[in-house]
Amino acid sequence: MKNTAVLQVGPLMPAVQEAIRSEYDAVRLPDSTPEREEFLHLHGESFEVAVTSGKFGVGPDLMRALPSLRAVINFGVGYDTTDVAQAARRGITVSNTPDVLNDCVADTAIALYLDVLRRVSAADRFVRRGDWLSKGNFPLATKASGKRVGILGLGRIGRVIARRLEGFDCSISYHSRNPVDGVSYGYKASPRELAAGCDVLIVAAAGGSGSAKLVDAAVIDAIGPEGYLINIARGSVVDEDALVAALLAGRLAGAGLDVFAEEPKVPEDLLALDNVVLLPHLGSGTHETRAAMAELTLANLRQFVESGSVLTAVQA
Ligand code: 8YV
Numbered sequence: 225m226k227n228t229a230v231l232q233v234g235p236l237m238p239a240v241q242e243a244i245r246s247e248y249d250a251v252r253l254p255d256s257t258p259e260r261e262e263f264l265h266l267h268g269e270s271f272e273v274a275v276t277s278g279k280f281g282v283g284p285d286l287m288r289a290l291p292s293l294r295a296v297i298n299f300g301v302g303y304d305t306t307d308v309a310q311a312a313r314r315g316i317t318v319s320n321t322p323d324v325l326n327d328c329v330a331d332t333a334i335a336l337y338l339d340v341l342r343r344v345s346a347a348d349r350f351v352r353r354g355d356w357l358s359k360g361n362f363p364l365a366t367k368a369s370g371k372r373v374g375i376l377g378l379g380r381i382g383r384v385i386a387r388r389l390e391g392f393d394c395s396i397s398y399h400s401r402n403p404v405d406g407v408s409y410g411y412k413a414s415p416r417e418l419a420a421g422c423d424v425l426i427v428a429a430a431g432g433s434g435s436a437k438l439v440d441a442a443v444i445d446a447i448g449p450e451g452y453l454i455n456i457a458r459g460s461v462v463d464e465d466a467l468v469a470a471l472l473a474g475r476l477a478g479a480g481l482d483v484f485a486e487e488p489k490v491p492e493d494l495l496a497l498d499n500v501v502l503l504p505h506l507g508s509g510t511h512e513t514r515a516a517m518a519e520l521t522l523a524n525l526r527q528f529v530e531s532g533s534v535l536t537a538v539q540a
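Residue numbering for the sequence shown follows this note's numbering, starting at 225 and increasing by one per position.
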């Protein structure tokens with residue numbers, strides 16, 4: 225049987241990288257543009273499978289430069305960096321790693337929620353600066369239990385976040401493209417309506433062109449000066465300039481952000497704000513979850529090579 229030619233796009237977890245190298249002699253696409261172009265010119269035609277992560281993906285130009293491509297195996301639940309429309313047109317299978325990271329990403333949302341409202345990181349900085357000794361008590365924060373929380377995107381992760389918030393006696397409403405069957409949370413017809421009726425808006429919608437800047441200046445203003453924004457989804461879902469402007473002007477009480485528009489760049493203005501918690505896109509970043517994501521990535525790859533199908537295919 226002919227070996228399947230596997231291309232590695234971008235860095236991957238060492239366990240995944242080693243497995244694809246030892247099992248399939250995977251070749252890594254060069255990072256620098258001139259080398260990459262030369263490489264694709266010489267070898268692009270040979271690759272049938274690309275293994276990548278949500279951070280890199282197989283974008284439109286790269287996909288075009290791989291005419292024999294049959295599958296994109298994506299490490300990560302988000303696949304907004306891969307051109308799924310072109311993949312659908314060309315009959316290329318795309319897989320991702322859903323479900324195995326729901327707990328950790330939802331936990332990260334809750335960590336940001338508690339931190340931003342109760343000002344845990346700000347209070348930690350206060351203690352470390354010696355302000356407790358010199359200034360006395362830390363200023364009062366905002367109660368986290370019992371709040372009205374709006375979840376934008378009630379998918380797999382959004383639902384786990386909602387379940388956790390039920391434990392904090394929060395009243396939950398949501399907006400998704402369509403109402404979700406089997407949940408008792410209130411459906412709101414638009415992001416703006418959702419924002420207007422909640423104290424905290426949590427963004428859990430998938431990235432990509434369909435959700436770009438769904439949270440715009442009007443939605444941020446609808447959350448209001450007493451309200452908070454949490455984003456564990458993709459930076460692209462929020463108009464980052466509008467968010468920064470609202471925070472600087474005090475039109476939003478605070479924000480907890482794990483994702484940004486141009487990672488790893490974080491808007492300079494946010495660094496000085498004590499009411500904002502900034503994380504380096506670590507939502508799924510635990511040993512247990514990353515191992516499960518690695519396992520599912522490899523299971524998708526192995527099954528594709530064996531049978532031409534994957535366990536967890538993305539629907540474009
Ligand atoms: C990963 C994520 O860090 O799964 C996702 O969509 O954003 C994170 O779990 C990322 O995909 C790895 O590149």
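Here a beta-carbon is modelled for each residue, glycine too, at the ideal position from N, C-alpha and C.
Small disclaimer: the values here were computed from a predicted structure and weren't measured.
Assign M225 to buried or exposed, taking buried as 16 or more other Cβ atoms, counted over all protein chains shown, within 10 Å of its Cβ. The predicted position of M225 is uncertain, since its pLDDT is 42 and thus under 50; a value taken from the coordinates is nonetheless stated next. Exposed.
Per DSSP, what kind of secondary structure is T332 in: helix, strand or coil? Here T332 sits in helix by DSSP.
Throw me the rounded Cβ distance for the K437 and D463 pair, which I believe falls under 8 Å. 4 Å
Nearest CA to the CA of I381: which residue from G507, L338, E486 and H267? G507
When you compare the CB positions of S395 and K412, do they come within less than 9 Å of one another, or not? no
Would you give the residue range spanned by the beta strand (DSSP E) that V233 belongs to? V230 to V233
In the structure shown, what three-state DSSP assignment does M225 receive? Legend: pLDDT at M225 = 42, less than 50; position of this residue unreliable, no value from coordinates given.
At which residues does the beta strand (DSSP E) containing F299 begin and terminate? For F299, the uninterrupted beta strand (DSSP E) segment begins and ends at A295 to F299.
Pick from R343, F350, A250 and V534 that is closest to K367, judged by C-alpha positions: R343
Please classify N402: does DSSP put it in a helix, a strand, or coil? coil
Does the Cβ of F392 lie closer than 8 Å to at least one heavy atom of the ligand 8YV? no
Are there 16 or more other CB atoms within 10 angstroms of the CB of G281, so buried, or fewer, so exposed? A residue is called buried once 16 or more other Cβ atoms fall within 10 Å of its Cβ, and G281 is buried on that count.
Hey, A516 and M237: beta-carbon distance below 9 Å or not? no
Top-ranked residue by Cα proximity to Y248, from Q539, Q527 and N361: Closest by alpha carbon: Q527.
In whole angstroms, what is the alpha-carbon distance linking D498 and A446? 22 Å
With which residues is R252 paired in a DSSP beta bridge? Listed as beta-bridge partners of R252 by DSSP are Q232.
Reference L425, options G448, L453, D440 and S414, closest by Cα: L453
So what's L502 in DSSP terms, helix, strand or just coil? Three-state result, L502: strand.
Just to confirm my understanding: we take G448, look at its own chain, exclude 5 residues before and 5 after, and list those with CB closer than 7 Å. What are they? none
Could you tell me the alpha carbon to alpha carbon distance between P235 and R514, rounded to whole angstroms? Cα to Cα, P235 sits roughly 14 Å from R514.
DSSP three-state assignment for Y411, whether helix, strand or coil: The answer is strand: DSSP assigns Y411 an E or B state.
Taking the runs of the beta strand (DSSP E) that are 3 residues or longer, which of them lie wholly in the region 341-394? 372-376
How long is the line joining the alpha carbons of F362 and V351, rounded to whole angstroms? 9 Å
Determine contact between the region 385-392 and the region 333-348, defined as no fewer than three beta-carbon pairs at a distance below 8 Å. yes
Taking 8 Å as the line, does the beta carbon of V301 fall inside it for any heavy atom of the ligand 8YV? The answer is yes for V301.
For R349, tell me which candidate among V500, L418 and C422 has the shortest Cα-Cα distance. V500
Fully enclosed by the region 443-524, which beta strand (DSSP E) runs are 3 residues long or longer? 452-455, 478-481 and 500-502
Give the DSSP-derived three-state secondary structure of V240 in the structure shown. helix
Please state whether DSSP places V282 in a helix, a strand or coil. Correct three-state label for V282: coil.
Our contact map puts L177 next to L253 with C-beta atoms below 8 Å; I'd like the distance itself, whole angstroms only. Nothing can be reported for residue 177: it is not among the residues displayed for the chain, which extend from 225 to 540.
Run through DSSP, which three-state label would T257 get? helix
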